[in-house]
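Asks: Protein chains in written order, with the numbering used here: chain F, 1 to 259; chain W, 1001 to 1322. Just so you know, even glycine gets a beta-carbon here, dropped at the ideal spot from N, CA and C. Sharing a structure with you now.
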């Protein structure tokens, strides 16, 4: 009985923290517009521009469709990792201190915040998926389920990563560095814009180490029926990375200083 | 002797930052239903002490219990027992006042069916009922501070910490704030520990004061007793009466007499009673008296004027960003 109350209590606190993130997100419309605009720009400008030279290796799929799974991944990478900067804002405005002085476990603080970040990533991804359907991505109920599963895994793992990195930082300027050294490599090395087959050796090694690679590949499987690895292999690696990044996040929040 | 329950027990508490000792071997008891003031200049160690008691900072050595729970080994229970108002407002200003309180009522495990009523109660207490559905970014500094107080009260804590509750407020908002703090004591029966470097604030609000200097408690008593410790009121009389000094020295209530530049400076227990008697016996051109203030006490004890300290002491900043 005691433990049921306790579980419910934890869930209430996580819900409270998530609800705050959601409300803030809904009130800051500029955030949604700005972060959805960039992937759309990529999809149409790079997709159509480079598409004219048609580097796609997949028969029957134009370049714009080929990079679409990559652009969905891009949106998730950017919004999820970047969400880590909000922990720095929370610290700057002392909101974090008010949460840390409440009887809430660090684990719950982490989960609440991460769910908040995932929600924003999911809303953006949903907008992109609708655009995907419009440019001729042949979604089926099964492929949609697979894509959503991949999006959930990626956004959980990468939001964890962003929040973990943010928890060590005290300035937003410092976090900008993360964008250069984490976000762009994650994106460019993921195979979002090019097929993974026949890469030079060094690049192959780097792409293999990038967790986003497996997300892009799994989504390309689901959406276009084409990929470099098997979807089961992609899913297994993705689950492994997600679990590791989640653990890193909880670890970081537990050792985060309150003041 | 007051027979009260000891709510906070601090024993040899130390906090060091490298070579800097922010809190130095602090030992102190705070009883239930006290309004205890921790008075000191910026950087004296007030905020560091509060942060340790609120479990936000780990002590370097020593121990303390709050509401019977150890601040290190039972930190979750300590946090459930306390409310705290930080130096800088910490509410989310995109949310409304009500939403901030709703969020914290869940974080503090206020039962679902009691949340709304409790939120309305604390909003009423701090006079924010009318503005509860406005975003906090539209609130004034004083209103934000009051919202923090409301938030700290949601779970009916045993102890409420107020860290410089009126720092940065204009004089009118400051007095409004005092009104609400007094109301808090009357209506919520909560024990209050407040830090301040405003002497007047400590005098008006607190029934016991600890003066803290360089991390140590250097004086501990009621405001009245601290002031009485200075030796009573001072009277200055300008007079041409010859031998006035000798004459007034005959009165029992005169403790000390000094004469300079035609002025008599007397130390007496109660100037309001002494002055009429003195004026009947000597011919005075002018007379004035002053009661000692906590500022005089502070100067006497630390050898410094509290107001000479710059705002935002180094140690407090250091403690914040370490």
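Scan the region 1014-1031 of chain W for residues whose Cβ lies nearer than 7 Å to a Cβ of chain F and list them as they occur along the chain.
Replies: Answer in chain order: no residues at all.
Asks: Under the three-state reduction of DSSP, which class applies to residue 239(F): helix, strand or coil?
Replies: Residue 239(F) falls in the helix class under three-state DSSP.
Asks: Under 8 Å between C-beta atoms, does residue 1108(W) make it to chain F?
Replies: Chain F, which has a Cβ nearer than 8 Å to the Cβ of residue 1108(W), makes this yes.
Asks: Residue 1040(W) and residue 1212(W) - do their beta-carbons sit closer together than 8 Å?
Replies: Yes, these two residues count as a Cβ contact at 8 Å.
Asks: List, in order along the chain, the chain F residues whose C-beta lies closer than 8 Å to that of residue 1103(W)?
Replies: Simply 16, 17, 19 and 20.
Asks: Assign residue 27(F) to buried or exposed, taking buried as 16 or more other Cβ atoms, counted over all protein chains shown, within 10 Å of its Cβ.
Replies: When all chains shown are included, residue 27(F) counts as exposed.
Asks: Taking CB distances under 8 Å as the criterion, tell me whether residue 1147(W) reaches chain F.
Replies: False, the Cβ-Cβ gap to chain F never drops below 8 Å.
Asks: Can you find a C-beta in chain W that's less than 8 Å from the C-beta of residue 12(F)?
Replies: It does; some Cβ of chain W falls within 8 Å.
Asks: Select from the region 1077-1088 of chain W all residues with a C-beta closer than 7 Å to any C-beta belonging to chain F, and list them in chain order.
Replies: Answer in chain order: 1079, 1080, 1084, 1086 and 1088.
Asks: Can you pull the DSSP bridge partners for residue 1031(W)?
Replies: For residue 1031(W), which the question treats as bridged, DSSP gives the partners 1006(W).
Asks: Determine whether the beta carbon atoms of residue 171(F) and residue 80(F) lie at a separation below 8 Å.
Replies: For residue 171(F) and residue 80(F), no; Cβs fall outside 8 Å.
Asks: For the region 220-240 of chain F, list every residue whose C-beta sits within 7 Å of some C-beta in chain W, in sequence order.
Replies: So nothing in the stretch comes that close.
Asks: Determine the burial state of residue 177(F): buried for a count of at least 16 other Cβ atoms within 10 Å of its Cβ, exposed for fewer.
Replies: So residue 177(F) ends up on the exposed side.
Asks: Check whether chain W comes within 8 Å of residue 250(F), counting only Cβ atoms and requiring the distance to be less than that.
Replies: For residue 250(F), the answer is no, since every Cβ of chain W falls outside 8 Å of its Cβ.
Asks: Are there 16 or more other CB atoms within 10 angstroms of the CB of residue 1322(W), so buried, or fewer, so exposed?
Replies: Interpretation of residue 1322(W) is limited by its pLDDT of 35, a score under 50 that renders its predicted location unreliable; the figure taken from the coordinates is listed afterwards. Per the 10 Å Cβ criterion, exposed.
Asks: Mind checking which residues open and close the alpha helix (DSSP H) that includes residue 984(W)?
Replies: Past the boundaries of the shown model lies residue 984(W); chain W is included only from 1001 to 1322, so the question cannot be answered.
Asks: Between which two residues does the beta strand (DSSP E) containing residue 1208(W) stretch?
Replies: From DSSP, the beta strand (DSSP E) with residue 1208(W) extends over 1208-1213.
Asks: Is the beta carbon of residue 1035(W) closer than 8 Å to that of residue 1096(W)?
Replies: No; because the gap between Cβ atoms is not below 8 Å, this pair is not in contact.
Asks: Taking its Cβ as the centre, do 16 or more other Cβ atoms sit within 10 Å of residue 11(F), making it buried, or is it exposed?
Replies: Exposed, because fewer than 16 other Cβ atoms sit within 10 Å of the Cβ of residue 11(F).
Asks: According to DSSP, simplified to helix, strand and coil, what is residue 199(F)?
Replies: Here residue 199(F) sits in coil by DSSP.
Asks: Just list the residues that DSSP pairs residue 1037(W) with in beta bridges.
Replies: Paired residues: 1194(W) and 1209(W).
Asks: When Cβ atoms are compared, which residues of the region 85-100 of chain F fall closer than 9 Å to chain W?
Replies: Those would be 90, 93, 94, 95, 96, 97, 98, 99 and 100, in chain order.
Asks: Can you name the residues that DSSP bridges to residue 1135(W)?
Replies: According to DSSP, residue 1135(W) bridges with 1096(W).
Asks: At a CB-CB cut-off below 7 Å, which residues of chain F make contact with residue 1099(W)?
Replies: Within chain F, the residues near residue 1099(W) are 23.
Asks: Can you pull the chain W neighbours of residue 104(F), defined as C-beta to C-beta under 8 Å?
Replies: In chain order: 1107.
Asks: Just to confirm, is the Cβ distance from residue 223(F) to residue 127(F) under 8 Å?
Replies: Their beta carbons are not under 8 Å apart, which means residue 223(F) does not touch residue 127(F) by this criterion.
Asks: Report yes or no: do three or more beta-carbon pairs, one from the region 1208-1225 of chain W and one from the region 1168-1186 of chain W, lie closer than 8 Å?
Replies: Not touching, per the Cβ criterion.
Asks: For the alpha helix (DSSP H) that contains residue 1062(W), what are its first and last residues?
Replies: From DSSP, residue 1062(W) is part of no alpha helix (DSSP H) but of the beta strand (DSSP E) over 1061-1066.
Asks: At least one CB of chain F closer than 8 Å to the CB of residue 1090(W): is that the case?
Replies: At least one chain F Cβ lies under 8 Å of residue 1090(W).
Asks: Which same chain residues end up closer than 8 Å to residue 1294(W) when comparing Cβ atoms and leaving out the 5 residues on each side of it in sequence?
Replies: Closer than 8 Å at Cβ, skipping near neighbours: 1039, 1199, 1200, 1202, 1203, 1209, 1223, 1226 and 1227.
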